[in-house]
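Here the protein sequences line up with chains G and L, keeping their order. By the count of our numbering, the first sequence reaches residue 115 at its end, each step adding exactly one. By the count of our numbering, the second sequence reaches residue 1112 at its end, each step adding exactly one. Reviewing the structure listed below.
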Amino acid sequence: DTAVSQTPKYLVTQMGNDKSIKCEQNLGHDTMYWYKQDSKKFLKIMFSYNNKELIINETVPNRFSPKSPDKAHLNLHINSLELGDSAVYFCASSQSQGLHNSPLHFGNGTRLTVT
Amino acid sequence: ELKVEQNPLFLSMQEGKNYTIYCNYSTTSDRLYWYRQDPGKSLESLFVLLSNGAVKQEGRLMASLDTKARLSTLHITAAVHDLSATYFCAVEAGFGNEKLTFGTGTRLTIIP
């Protein structure tokens, strides 16, 4: 009955490869996000989708492409992986656009290591 | 661009002591959130502060918001080991913005 679930939990891959991370939420939320947490624990938003529509697209290399097939799913595809992409990627969801006073619900994170 | 700063970055304190974590932000906002993260784990929502003067308490933790000073505090009373974690504040950049800017985090270690 996990609220926001991500797969895989760990991902180790070589430079230049392409990989995907999947996220699903069963909270009935309309908005989903991808956040990146670097080695210093700094968290930064990457993308936000509201009901399958891209709302936030921060300054992220275009090697990163989110896809939302429906409002319960938000996947992240990364092309041509680089060493600097190593981080923990968190998926999150919120009740509606504008947060509307409700906190984000985070998944357990995907630890990506690029060698 | 909204900047959110926390201090201290690292805090080591003894059980039973009180301490305060500070969160300063650079632009007007009246929506501030506190999260807790245990090592290798996800982020857990602690408090949602929605107006100037808001105060929320849960167990040994109390959070407050002063929007005029652009400051939030997280006060820990009579710390216990279970409170060891990294604490983040996060500020919503503007109503309807749905974008949270996170602080740098405060890594709290409670020593028995």
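Ideal Cβ placement from N, Cα and C applies to all residues, glycine included. Model, not experiment: these values are computed from the prediction.
Report the residue from the options whose alpha carbon sits nearest the alpha carbon of residue i.
i	options	result
Pro-69 of chain G	G:Ala-92, G:Asp-38 and G:Lys-22	G:Lys-22
Thr-1073 of chain L	L:Phe-1088, L:Gly-1059 and L:Glu-1001	L:Phe-1088
Thr-1067 of chain L	L:Leu-1100, L:Ser-1012, L:Leu-1050 and L:Arg-1060	L:Leu-1050
Glu-1001 of chain L	L:Ser-1026, L:Gln-1057 and L:Ala-1054	L:Ser-1026
Glu-1092 of chain L	L:Ser-1084, L:Phe-1102, L:Ala-1085 and L:Thr-1086	L:Phe-1102
Val-1048 of chain L	L:His-1075, L:Asp-1030 and L:Asn-1024	L:Asp-1030
Asn-1052 of chain L	L:Cys-1023, L:Arg-1070 and L:Lys-1003	L:Arg-1070
Please check if any C-beta of chain G sits within less than 7 angstroms of the C-beta of residue i.
i	result
Phe-1102 of chain L	yes
Tyr-1087 of chain L	no
Val-1048 of chain L	yes
Find out if the Cβ-Cβ distance for the pair residue i, residue j is shorter than 7 angstroms.
i	j	result
Ile-1111 of chain L	Gln-1006 of chain L	no
Leu-1065 of chain L	Leu-1108 of chain L	no
Gln-1037 of chain L	Leu-1046 of chain L	no
Ser-20 of chain G	His-105 of chain G	no
Thr-31 of chain G	Asn-57 of chain G	no
Under 9 angstroms between beta-carbons, which chain L residues line up against residue i? List them in chain order, please.
i	result
Leu-104 of chain G	Tyr-1033, Tyr-1035, Leu-1043, Ser-1045, Ala-1090 and Leu-1100
Gly-107 of chain G	Ser-1042
By the criterion of Cβ-Cβ separation under 9 angstroms, what are the contact partners of residue i in chain G?
i	result
Gly-1105 of chain L	Lys-40, Lys-41, Phe-42 and Leu-43
Val-1004 of chain L	In chain order: nothing, as chain G lies at least about 10 angstroms away.
For chain L, check one thing: does any of its Cβ atoms lie closer than 7 angstroms to the Cβ of residue i?
i	result
Ile-56 of chain G	yes
DSSP beta-bridge partners for residue i?
i	result
Phe-42 of chain G	Answer is none; Phe-42 of chain G lacks a bridge partner.
Leu-1032 of chain L	L:Leu-1049 and L:Val-1091
Can you name the residues of chain L whose CB is closer than 8 angstroms to the CB of residue i?
i	result
Phe-64 of chain G	None at all; the shortest Cβ gap to chain L is about 17 angstroms.
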